[in-house]
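Written below as structure tokens is the structure these notes are about.
In our numbering, the protein residues as written are 485 to 594.
This is the structure we're talking about:
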């Protein structure tokens, strides 16, 4: 089966990301992805679910590799990789929005 890879660039041009913090953000309460480490591959995870639900395509279909600039999405279908890139971007935007709202609420409470 052919593998296709799409890259979701998150870091602004010229900047880099801390991969540990990116993983914590993706698996934390703000984005809530379930990532399972890929055996023998550093900073690479199977996307197994979101918000407590399993992925409909199975738990070993989307392979996410965290890089210093973003996320590489590898799977068996080119359109599926392209589509998941958009979903991940939306999940990240929603997580950032939730984080900003939490900061705003905390500031108002002071």
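Virtual Cβ for every residue (Gly too), placed ideally from N, Cα, C.
Our two residues, residue 527 and residue 494, have alpha carbons roughly 16 angstroms apart in a direct line. DSSP places residue 536 outside both helix and strand once states are collapsed to three, so it counts as coil.
At a cut-off of 4 residues, the continuous stretches assigned as alpha helix (DSSP H) that sit fully inside the segment 489-529 are 503-511. Exclusion of the five residues before and after residue 529 leaves 519, 520, 521, 522 and 548 as the residues of its chain whose Cβ lies within less than 7 angstroms of its Cβ.
With contacts defined as CB atoms closer than 7 angstroms, residue 510 and residue 517 qualify as a contacting pair. Residue 554: member of the beta strand (DSSP E) spanning 554-559, first to last residue. If you check the CB distance, residue 487 and residue 553 do not come in under 7 angstroms. Per the coordinates, the alpha-carbon of residue 592 lies some 27 angstroms from the alpha-carbon of residue 506.
Between residue 492 and residue 555, the CB-CB gap stays under 7 angstroms. Nearest C-alpha to residue 534 among 524, 561 and 515: 515.
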